[in-house]
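In full-length UniProt numbering, the protein residues as written are 1 to 305.
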């Protein structure tokens, strides 16, 4: 019988699907290397955020597939996986609605400073500035995959002008494809929906902030490393941009000492964009389906290596 390692609390849809395909499911917290190495006979795994590289892979000789529970796979060393002929998959689009809804929420919370208005009820805070509406604004979306396109769709009704950037041209429901330069200089809201790669690391930096409008609100629901965090802090403090809504930061989980938490024009959530009941079930099932395909020597739908 094939064995697949999953993380404690995974959606029951994933467990049921694996077991219905004759697979033994092993579950643990996936908190440290030993959680993986102690199951060296596993044929596959559904992985959350723990880093996976040669140190673990070399001690799991039967491993054929690593299915990332989500879109980002920057915690998996693809070179090491390739060296051992291990297939790595992800679940693009499975949580797109949940993440896109979070992006809209951050646009509203950071744009209108609703969190600061709430704090003013129970805490002694300085006068909260008046924020701006989304309606009739220009919204730049950097990264126009399943999530970026869903954000564009959800913005219908706000009468916005969407400027979208991606490697390939796609249909933009509420606007058009644009260059990064156009997005930086023209957008009232800039939404980052990018994965963490060597190309995207710190792409939003001090030089970019100087190009942005002073009323601009930066939203990030991708990966924290796409933004130079100190440059962001400086831009927020100096008034170079108006605000930020962040579901992700450079180092997670976010520290209570992170200066972003103390700024009056920032709204932060702890990387929860994909956490909805619907997304939890869909992502789990999609990952499980990929596991079964690979273990049955079928071609996976969402291979990333």
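Just so you know, even glycine gets a beta-carbon here, dropped at the ideal spot from N, CA and C.
If you drop the 5 nearest sequence neighbours on each side, which residues of the same chain put their C-beta closer than 8 Å to that of residue i?
i           : result
residue 219 : 103, 106, 107, 110, 189, 190, 191, 192, 244, 245 and 246
residue 61  : 40
residue 47  : 7, 30, 66, 67, 68, 69, 75 and 76
Cutting at 6 Å between CB atoms, please list the residues of its own chain near residue i, excluding the five before and the five after it.
i           : result
residue 101 : none
residue 10  : 284
residue 135 : 158 and 159
residue 138 : 161, 186, 187 and 188
Are residue i and residue j closer than 8 Å when you measure CB to CB?
i           : j           : result
residue 227 : residue 241 : no
residue 95  : residue 235 : no
residue 223 : residue 32  : no
residue 162 : residue 141 : yes
residue 76  : residue 52  : yes
residue 42  : residue 66  : no
residue 274 : residue 146 : no
residue 155 : residue 174 : yes
residue 13  : residue 281 : yes
Tell me, which residues are paired with residue i by DSSP?
i           : result
residue 276 : DSSP, once it has assigned bridges, lists no residue as partnering residue 276.
residue 24  : 3
residue 89  : 67 and 303
residue 177 : 164
To which residues of the same chain is residue i closer than 7 Å at the C-beta, ignoring the five residues directly before and after it?
i           : result
residue 117 : 128
residue 300 : 87, 89, 290, 293 and 294
Apply the 10 Å Cβ neighbour rule to residue i and answer buried if 16 or more other Cβ atoms are within range, or exposed otherwise.
i           : result
residue 187 : buried
residue 261 : exposed
residue 1   : exposed
residue 152 : buried
residue 225 : buried
residue 22  : exposed
Counting only beta-carbon separations shorter than 8 Å, does residue i have a partner in chain D?
i          : result
residue 28 : Structure shown: chain D not included; a single protein chain is present.
Can you look up residue i in the DSSP assignment and give me helix, strand or coil?
i           : result
residue 58  : coil
residue 222 : coil
residue 162 : strand
residue 138 : strand
residue 204 : strand
residue 105 : helix
residue 145 : coil
residue 183 : helix
residue 263 : coil
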